[in-house]
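Just below is one structure, and these are the notes that go with it.
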Ligand code: CAA
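Residue numbers (our numbering): 83 to 465.
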């Protein structure tokens with residue numbers, strides 16, 4: 083297997099929202115990058131997005147002219163998978179979040195990429211072990227989960243599958259550092275890893291508030307933005323894509339608990355083909371760019387504190403299961419979502435009994451057992 087210093091050629095499989103961003107940061111780091119997609123049209127779109135983003139960075143003086151030019155030269159788009167991976171030392175897959183598609187891709191990657199190459203998956207929720215199981219090299223398969231927009235968000239969750247070796251974990255972390263990212267290790271292959279898992283009950287909770295007609299998405303977003311966060315939760319869903327959110331919630335419904343499933347308002351929009359920013363309509367109208375949220379409309383039905391309590395509670399589930407620790411969880415939430423502080427730090431001065439009491443109230447008000455406080459939360463042992 084390669085160590086990070088020997089890696090010079092990277093292949094990115096899928097040129098969509100995540101793939102084009104991952105390819106861009108690899109180019110900026112000086113790697114030769116083969117970018118693959120199944121259709122020329124998808125590839126062209128991805129390449130254009132890379133060129134536009136590089137131009138934006140150059141225009142703002144964030145990269146110099148040489149880096150701009152070198153990054154463009156290092157990019158090799160192709161619709162031939164064999165050409166993309168046959169000399170790659172590190173491959174990152176970013177194809178749609180459907181296990182069957184990912185497994186088909188991994189089977190081919192295993193055949194076409196050098197035996198020694200590391201195969202990374204940018205899955206945002208799915209089991210690394212399930213993806214690795216179709217290859218003859220599960221020890222060199224690893225989760226490398228980036229955040230959207232890749233060029234700006236600093237976090238990569240590096241996830242250990244059941245058979246991933248320590249050497250693979252270390253090389254993946256080192257490559258991520260070279261990409262200008264901060265890797266956070268996820269030591270157990272659990273659904274949705276750290277950041278998406280901690281945000282999972284937030285989607286359920288806020289979706290229940292909206293479905294009950296107690297507050298609108300804009301009123302909730304106004305409350306969250308007013309608290310100083312960079313994006314409101316519904317604006318973020320539109321930004322990432324409602325189809326992606328729907329599929330993630332559906333996956334968690336199947337593998338974690340039915341209560342993690344999609345909420346009605348989301349389901350309606352997805353069925354109508356309103357997928358957020360990319361279609362121009364979601365919870366908001368995006369036809370004139372980012373929605374202007376009127377902060378004076380903020381709801382008082384629920385508070386920003388409630389959101390922090392729900393995140394903290396989910397974090398304690400990950401600590402209880404040995405997936406991560408308090409420090410890494412807080413760091414991941416800040417780097418991956420722009421939250422000003424992580425959930426554990428945010429709640430450190432609030433007595434655990436007060437948090438548990440409010441969570442019990444929310445769990446019964448919205449009939450969601452997944453919001454009930456964990457044993458670790460009740461004892462305050464997370465602090
Ligand atoms: N390329 C280059 N530059 C870009 C860019 C791109 N693609 N996109 C934005 N920028 C630049 C802008 O030009 C701007 O530059 P200046 O500051 O020099 O003017 C800067 O980045 C900031 O952008 P904006 O002013 O448009 O907006 P902002 O200040 O709100 O920052 C943001 C944007 C970083 C996205 C911020 O809103 C944020 O942190 N939002 C939360 C994002 C988040 O939670 N992401 C995680 C999503 S979940 C996920 O990804 C997991 C998954 O599995 C899908």
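For every residue, glycine included, the Cβ atom is placed at its ideal position computed from N, Cα and C.
On a predicted model such as this, the values are computed, not experimentally measured, just so you know.
In this structure, residue 312 has its CB closer than 7 angstroms to one or more heavy atoms of the ligand CAA. By the CB criterion at 8 angstroms, residue 315 and residue 303 fall inside the cutoff. Residue burial annotation: residue 175 is buried, with at least 16 other C-beta atoms found within 10 angstroms of its C-beta.
Annotation for residue 185: the continuous alpha helix (DSSP H) segment containing it runs 181 to 194. At the C-beta level, residue 444 and residue 398 stay beyond 8 angstroms of one another. In the structure shown, residue 175 adopts extended strand secondary structure according to DSSP, grouped into three states.
For residue 229, the shortest separation between its Cβ and any heavy atom of the ligand CAA lies below 7 angstroms. Distance from the CA atom of residue 460 to the CA atom of residue 255, rounded to whole angstroms, is 34 angstroms.
DSSP places residue 275 in the coil class of the three-state scheme, outside both helix and strand. Between residue 117 and residue 103, the C-beta gap is not smaller than 8 angstroms, which leaves the two residues out of contact. Rounded to the nearest angstrom, the gap between the Cα atoms of residue 248 and residue 236 is 23 angstroms.
Setting aside the 5 residues that flank it on each side, residue 141 has no residue in the same chain whose C-beta is closer than 8 angstroms to its C-beta.
The count of Cβ pairs closer than 8 angstroms, one atom from the segment 410 to 423 and one from the segment 253 to 268, reaches three, so the stretches are in contact.
In the three-state reduction of the DSSP assignment, residue 448 falls in the coil class, being assigned neither a helical nor a strand state. With a cut-off of 7 angstroms, the C-beta of residue 370 is classified as distant from the ligand CAA, since no heavy atom of the ligand falls inside that distance.
Buried is the label assigned to residue 326, since at least 16 other Cβ atoms lie within 10 Å of its Cβ. Between the alpha carbons of residue 161 and residue 231 lies a gap of roughly 24 angstroms. The alpha-carbon of residue 424 is positioned some 23 angstroms away from that of residue 381.
Residue pairing of residue 201 in beta bridges, as defined by DSSP: 173 and 223. In the structure shown, residue 241 falls within a strand segment according to DSSP collapsed to helix, strand and coil.
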